[in-house]
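Once you know that position 133 of the first sequence is 127 in this note's numbering, the rest is easy, because the numbers rise by one and skip nothing.
Each residue gets a CB set at the ideal place from its N, CA and C atoms; glycine is no exception.
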Amino acid sequence: MKVRFAPSPTGFLHIGGARTCLFNWLYARAKGGSFILRIEDTDQSRSKKEYLDEILFSLAWLGLDWDELHYQSQRFDVYRGIAKKLLEEGRAYLAEDGSGAVIFRMPQKTAEIDDMIHGRITFDTGLIKDQVLIKSDQSPTYNFACVVDDAAMGITHIIRGDDHISNTPKQVVLYEALGYSLPRFAHIPMILGAGGGRMSKRAGATAISEYRSMGFLSEALVNYLMLLGWSPGNNQEIISLKDAVAKFDICDANKTAATFDMNKLLWLNSQYIKTCGAGKLTELIVPFLKDRNLIADNNFDGKFTGNVLQLFTERAQTLGELADAMKPFFVKDVEFDVHAKEKFLAQDLSGAFGTLKDRFAGMSDFSAAEIERVFRQVAEELGLTTKQLIHPLRAALSGKTVGPGMFELIAVLGRERTVERMERAIQLYKHRPV
RNA sequence: GUCCCCAUCGUCUAGCCUGGUCUAGGACACGAGCUUUUCAAGCUUGCGACACCGGUUCAAAUCCGGUUGGGGACGCCA
């Protein structure tokens, strides 16, 4: 059993391509077959090295490894040889315009396939015009190179998008003309954009690399892609690549097109962020913090970073969001949200802040529990409710109106920085506009 | 225009093949509540679908036909 994913390096790896690749990979791994990658770079002018690198990198990032790698650009002589044979047999002819193109004479018949997902599909090839095999620049066309290679490489199952159904009869007649036996076909449903049509940049991101840079974990993205057109059963939503291999069969794939739903992807991502473990999450977040210039390249406080991370792990849906939320802990001066500033300046609390700050400064055990004890004690002494003090304090320390629990936040921020920021807040109170 | 594919909550789906166990299950989203120092998270709970019409059958989400709707393909792109 052998399958392939055949991307064209004329663009980035997108959601649809990644899902097609995933289903091929899953099927190969589930059945103990092999999975090959074939780069369809026959269009010399549109193929770019940068796209190729991006595709290879994205596939590796997703965890989809291949057993063989082929390039169609290195096989032009093979296609030409086979086209020549077809020419000699009279199944193809030279273009009359003298351009050198080789054109296949379309037979009039009923082509039929037994699709693993759709069942029997029949086509009347009499409705299809003669097909170009070799273009005037002597490069092969897609349908021709595809058939030649699938046969040459021993592909047994062709798993590809629904949009290729109409290419199938053109390929079937070529298989027959060349005396090759037909592989099995499995046409999986397409992934539609939020609007209902094809996914496009307008309807949201399409490139896998964009999801990576937004801070999606590859496991979450792969998990989401699996759920589009397939279900592991038992109402299971969270599933690893490894577990999916044990349950996957291409026959169980759906027939119906699926609409891409960012909300569910975000939810899955947040689940993976919460459960992937502190060690792995730290590793993942570091590049995002560096990107934002919040930590230095090779010199930063790992323990502190881990502590801050823990504060926000439950609250973020992407690594990007997580890194943004962590920002107040890595900058010298707090930046205030508009609302935070309003809330914070509403009432002069410089007196209370002063008292609290001094008590914090005198603490030896600066743990969340101790901070809470001291805080509540001070509030009571001053005749203030905890709410009256907590919200302005959060604004003063983080610049935000929302965030982690106050005491955990203070403990992580540390005594020194807490005191420093409270002193700055007291100054702000003194100079606030009336 | 021609050909092809598809049709269960707003979205992803389970069920369909092998009709009865389906007053159709789960997840996301949304609403309410609990918890609470805010926001999340978590827990409880609500809302919400078999596109339509016919046929077969004692019985249809499940089988058949049609209608409508949606998607795709018709390149010397892949």
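Take Asp243 as the anchor and find which of Gly10, Cys15, Arg23 has the nearest alpha-carbon.
-> As a position in the first sequence, residue 243 is number 249, starting the count at 1. Closest by alpha carbon: Arg23.
Check whether the region 59 to 72 touches the region 98 to 118, taking contact to mean three or more Cβ pairs, one atom from each stretch, closer than 8 Å.
-> no
Quick one, are the C-beta atoms of Asp124 and Met100 less than 8 Å apart?
-> As a working mapping, residue 124 is identified with position 130 in the first sequence. As a working mapping, residue 100 is identified with position 106 in the first sequence. Against a cut-off of 8 Å, the Cβ pair of Met100 and Asp124 comes out as a contact.
Give me whichever residues DSSP pairs with Pro134 in a beta bridge.
-> The residue you call residue 134 lines up with position 140 of the first sequence. BP columns for Pro134 point to Ile128.
Using CA coordinates, which residue listed in Ala171, Leu215, Asp157, Lys129 is at the minimum distance from Leu145?
-> In the first sequence, the residue the question calls residue 145 occupies position 151. The question names Leu, but residue 145 in the sequence shown is Ala. With distances taken between Cα atoms, Ala145 lies closest to Ala171.
Helix or strand or just coil, what does DSSP make of Leu383?
-> Position 389 of the first sequence, counting from 1, holds the residue named residue 383. Helix.
Is the region 350 to 367 close to the region 320 to 337, with three or more CB pairs under 8 Å?
-> no
Exposed or buried, which one is Cys15 when buried takes at least 16 other CB atoms within 10 Å?
-> Within the first sequence, numbered from 1, the residue matching residue 15 stands at position 21. Buried is the call here.
Under three-state DSSP, which class holds Tyr73?
-> In the first sequence, the residue the question calls residue 73 occupies position 79. If DSSP states are grouped into helix, strand and coil, Tyr73 belongs with the helices.
Leu7 and Ala201 closer than 8 Å at C-beta = Residue numbering aside, residue 7 sits at position 13 when the first sequence is read from its first letter. Residue numbering aside, residue 201 sits at position 207 when the first sequence is read from its first letter. Contact flag set, yes.
Which same chain residues, not among the five before or five after Asp237, have their C-beta less than 8 Å away from its C-beta?
-> Taking the first residue of the first sequence as position 1, residue 237 is located at position 243. Same-chain partners within the cutoff: Pro226.
Neighbour-count burial assignment, Glu90, 16 or more Cβ in a 10 Å radius = Taking the first sequence and counting its residues from 1, one reaches residue 90 at position 96. By the neighbour-count rule (16 or more Cβ atoms within 10 Å), Glu90 is not buried but exposed.
First through last residue of the alpha helix (DSSP H) which encompasses Gly273 = Residue numbering aside, residue 273 sits at position 279 when the first sequence is read from its first letter. Note, Gly273: alpha helix (DSSP H), 272 to 285.
Any idea which residues DSSP pairs Thr104 with across the strands?
-> Numbered from its first residue, the first sequence carries residue 104 at position 110. DSSP lists Asp118 as partners of Thr104.
Determine, using beta carbons only, whether Ile152 and Pro183 come nearer to each other than 8 Å.
-> Position 158 of the first sequence holds residue 152. Position 189 of the first sequence holds residue 183. Contact: no.
Pro432 burial status per 10 Å Cβ neighbour count (16 or more: buried) | Within the shown structure, residues of the chain are numbered from -5 to 428, placing residue 432 beyond reach of any answer.
Three-state secondary structure (DSSP) of Tyr364 | Taking the first sequence and counting its residues from 1, the one referred to as residue 364 is at position 370. Rather than Tyr, the amino acid found at residue 364 in this sequence is Glu. It is helical.
Assuming Thr276 and Gly300 form a contact by the criterion Cβ under 8 Å, report the distance between their Cβ atoms to the nearest whole angstrom.
-> Sequence index remark: in the first sequence, residue 276 carries index 282 (1-based). Sequence index remark: in the first sequence, residue 300 carries index 306 (1-based). Right, the Cβ-Cβ distance comes to about 5 Å (below 8 Å), so this counts as a contact.
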